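Trainee:
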Amino acid sequence: MNQINGLNSLGKSTLTMLESLQPPPVEAVLTPLINEIAASSGKIAFILDDNHLIENQAIHEILSFLIENQPPQFHLVITTREDPQLPLARLRAKDQLTELRAADLRFTPPEAAEFLNEIMGLVLSEEDITALEIRTEGWITGLQLAALSMQKRRDVSTFVKSFTGSHKLVLDAVNVGEPPGTVVELAKDDIPLFRGIKMSDHQITFQEVLGLAKIRDKFPEHLHLIGAQPADLSIGVGLSPTIEAVIPELVERTICVLKNWGIIPAEGKQNEYRSYNLYNTT
Numbered sequence: 094m095n096q097i098n099g100l101n102s103l104g105k106s107t108l109t110m111l112e113s114l115q116p117p118p119v120e121a122v123l124t125p126l127i128n129e130i131a132a133s134s135g136k137i138a139f140i141l142d143d144n145h146l147i148e149n150q151a152i153h154e155i156l157s158f159l160i161e162n163q164p165p166q167f168h169l170v171i172t173t174r175e176d177p178q179l180p181l182a183r184l185r186a187k188d189q190l191t192e193l194r195a196a197d198l199r200f201t202p203p204e205a206a207e208f209l210n211e212i213m214g215l216v217l218s219e220e221d222i223t224a225l226e227i228r229t230e231g232w233i234t235g236l237q238l239a240a241l242s243m244q245k246r247r248d249v250s251t252f253v254k255s256f257t258g259s260h261k262l263v264l265d266a267v268n269v270g271e272p273p274g275t276v277v278e279l280a281k282d283d284i285p286l287f288r289g290i291k292m293s294d295h296q297i298t299f300q301e302v303l304g305l306a307k308i309r310d311k312f313p314e315h316l317h318l319i320g321a322q323p324a325d326l327s328i329g330v331g332l333s334p335t336i337e338a339v340i341p342e343l344v345e346r347t348i349c350v351l352k353n354w355g356i357i358p359a360e361g362k363q364n365e366y367r368s369y370n371l372y373n374t375t
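Numbering of the sequence shown is given in our numbering, commencing with residue 94 and proceeding in unit increments.
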């Protein structure tokens, strides 16, 4: 904030208090800062990215105090993958909150058409655009990946219809009764369903999810599991030297599967890969 609108002294007194051996209470620190902002001219925006990574409750309390006492020219912009621990309901009621959620960021069919045909230089039919918009849920990165994959193809409509989300690649620790460090590959029908180790009675295992998908006729067409047998499957166990030693093999096997699925190394870049199909990785 010190560089906004030439406000070189903004927050200096607050910073001095924070750097003291015994910092004062939060309210005593923030009040002078809020007063300085209120006395300043022009609008000030404070941007906080990845708010969902904050684990310290004191930080959430600081933000709440700042919001409840913020001057009208001060705006707090938060990006997060989950709702922040702030009085959202009260802010909505006071019309002090603007929210941009997944539905707002999703491209509509007309926006997808403009992006694909005008920006990416494709010539897609309305039917193909609608199919892509539904398939990617309007996700701009998904649309761009699809567009890059289609730019050098002739039969675009057939390519669009191939976006089935049927490829699933899973890397995980596995318990197959082998010595620690053993690398295991299982493809589709070789993966046992409705089985697996549960860390609690409330947990749903990966195999149970696959079993339910099978029952509901949503089992992926292409499924591959690559895993390593650990010495301990308990929660909180870190990466052991045994598993660390087989990571290169896990990577090589993963690359082999990706190549078989139509993902090849990018030209001139040995460690970067480019997809020539749009895969559902959820």
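Heads up, the beta-carbon is just placed ideally off N, CA and C, and yes, glycines get one too. As the structure is a prediction and not an experimental result, all values here were calculated from the model.
From Leu123 to Ser133, what distance separates their C-alpha atoms?
Mentor: The residue given as residue 123 occupies position 30 in the sequence shown. The residue given as residue 133 occupies position 40 in the sequence shown. The alpha-carbon atoms of Leu123 and Ser133 are separated by roughly 15 angstroms.
Trainee: To the nearest angstrom, report how far apart Thr158 and Ile127 are at their CA atoms.
Mentor: Within the sequence shown, the letter at position 65 stands for residue 158. Within the sequence shown, the letter at position 34 stands for residue 127. With the sequence shown as reference, residue 158 is identified as Phe, and Thr is not the correct amino acid for it. Each residue's alpha carbon lies about 10 angstroms from the other.
Trainee: If we call anything under 8 angstroms between Cβ atoms a contact, is Thr275 one with Ala321?
Mentor: Residue mapping note: residue 275 aligns to position 182 of the sequence shown, counting from 1. Residue mapping note: residue 321 aligns to position 228 of the sequence shown, counting from 1. Closer than 8 angstroms, so yes.
Trainee: Can the beta-carbon of His168 be found less than 8 angstroms from the beta-carbon of Ala138?
Mentor: Residue mapping note: residue 168 aligns to position 75 of the sequence shown, counting from 1. Residue mapping note: residue 138 aligns to position 45 of the sequence shown, counting from 1. Yes, these two residues count as a Cβ contact at 8 angstroms.
Trainee: Among Glu211, Met213, Ala206, which residue has its Cα nearest to the Cα of Ala224?
Mentor: As a first step, residue 224 must be located in the sequence shown, where it is residue number 131. Ranking the options by Cα distance to Ala224, first place goes to Ala206.
Trainee: Tell me, to the nearest whole angstrom, how far the beta carbon of Gln178 is from that of His153; I am working on the premise that it is less than 8 angstroms.
Mentor: Residue mapping note: residue 178 aligns to position 85 of the sequence shown, counting from 1. Residue mapping note: residue 153 aligns to position 60 of the sequence shown, counting from 1. The distance from the Cβ of Gln178 to that of His153 is about 4 angstroms, consistent with a contact at the 8 angstroms cut-off.
Trainee: Return the chain-ordered list of same chain residues with a C-beta closer than 6 angstroms to the C-beta of Gly231, the five sequence neighbours on each side being excluded.
Mentor: Taking the sequence shown and counting its residues from 1, the one referred to as residue 231 is at position 138. Taken in chain order, the residues that qualify are Arg199, Phe200.
Trainee: Keeping to the same chain, check which residues put their C-beta closer than 7 angstroms to that of Ile171; ignore five residues upstream and five downstream.
Mentor: Here residue 171 corresponds to residue number 78 of the sequence shown, with the count starting at 1. Taken in chain order, the residues that qualify are Leu141, Asn144, Pro177.
Trainee: Please classify Leu318 as buried or exposed, where buried requires at least 16 neighbouring CB atoms within 10 angstroms.
Mentor: Along the sequence shown, one-based indexing puts residue 318 at 225. Flag for Leu318 reads buried.
Trainee: Assign Asp221 to buried or exposed, taking buried as 16 or more other Cβ atoms, counted over all protein chains shown, within 10 Å of its Cβ.
Mentor: Here residue 221 refers to the residue found at position 128 when the sequence shown is read from its first residue. Per the 10 Å Cβ criterion, buried.
Trainee: Over what stretch of residues does the beta strand (DSSP E) that includes Glu278 continue unbroken?
Mentor: The sequence position of residue 278 within the sequence shown is 185, counting from 1. Here the beta strand (DSSP E) through Glu278 covers 276-280.
Trainee: Is Asp325 helix, strand or coil when you go by DSSP?
Mentor: Position 232 of the sequence shown, counted from the first residue, corresponds to residue 325. Coil, per DSSP.
Trainee: Within the chosen definition, does the stretch 206-218 reach the stretch 240-254 through at least 3 CB pairs nearer than 8 angstroms?
Mentor: yes
Trainee: Among the residues of its own chain, which have a CB less than 7 angstroms from the CB of Pro273, if the five just before and after it don't count?
Mentor: Position 180 of the sequence shown, counting from 1, holds the residue named residue 273. Only Gln322, Pro323, Ala324, Thr335 meet the Cβ criterion.
Trainee: Got a sec? Which residues, its chain only, sit under 6 angstroms from Leu190 by beta carbon, not counting five neighbours each side?
Mentor: If you number the sequence shown from 1, residue 190 lands on position 97. Correct list, in chain order: Leu184.
Trainee: What residue range is occupied by the uninterrupted beta strand (DSSP E) comprising Leu114?
Mentor: Counted from its first residue, the sequence shown places residue 114 at position 21. Element bounds for Leu114: n/a, residue is neither H nor E.
Trainee: Cα separation between Glu112 and Gln166?
Mentor: For the purposes of this step, residue 112 is taken as the residue at position 19 of the sequence shown. For the purposes of this step, residue 166 is taken as the residue at position 73 of the sequence shown. When rounded, the distance between both Cα atoms is 27 angstroms.
Trainee: Would you please state the rounded distance, in angstroms, between the beta carbons of Val249 and Leu217? I believe it to be under 8 angstroms.
Mentor: Taking the sequence shown and counting its residues from 1, one reaches residue 249 at position 156. Taking the sequence shown and counting its residues from 1, one reaches residue 217 at position 124. Confirmed, Cβ separation roughly 6 angstroms.
Trainee: Specify, as a first and last residue, the run of the beta strand (DSSP E) that Leu169 falls within.
Mentor: Locating residue 169 in the sequence shown gives position 76, counting from the first residue. According to the DSSP assignment, Leu169 belongs to the beta strand (DSSP E) that extends over 167-171.
Trainee: On the premise that Met110 lies in contact with Pro117, defined as a C-beta separation below 8 angstroms, what is that separation, rounded to the nearest angstrom?
Mentor: The residue labelled residue 117 in the question sits at position 24 within the sequence shown. The residue labelled residue 110 in the question sits at position 17 within the sequence shown. Sure, about 6 angstroms apart at Cβ, within 8 angstroms.
Trainee: Taking Cβ to Cβ, would you say Ile284 is nearer than 8 angstroms to Leu262?
Mentor: Here residue 284 refers to the residue found at position 191 when the sequence shown is read from its first residue. Here residue 262 refers to the residue found at position 169 when the sequence shown is read from its first residue. In this structure, Ile284 sits away from Leu262, with a CB-CB distance that is not shorter than 8 angstroms.
Trainee: In three-state DSSP terms, what is Gly104?
Mentor: Taking the first residue of the sequence shown as position 1, residue 104 is located at position 11. Three-state DSSP puts Gly104 in coil, outside helix and strand.
Trainee: What does DSSP give as the partner residues of Gly320 in its beta bridges?
Mentor: Against the sequence shown, residue 320 aligns to sequence position 227. In DSSP, Gly320 forms a bridge with Asp265, Val277.
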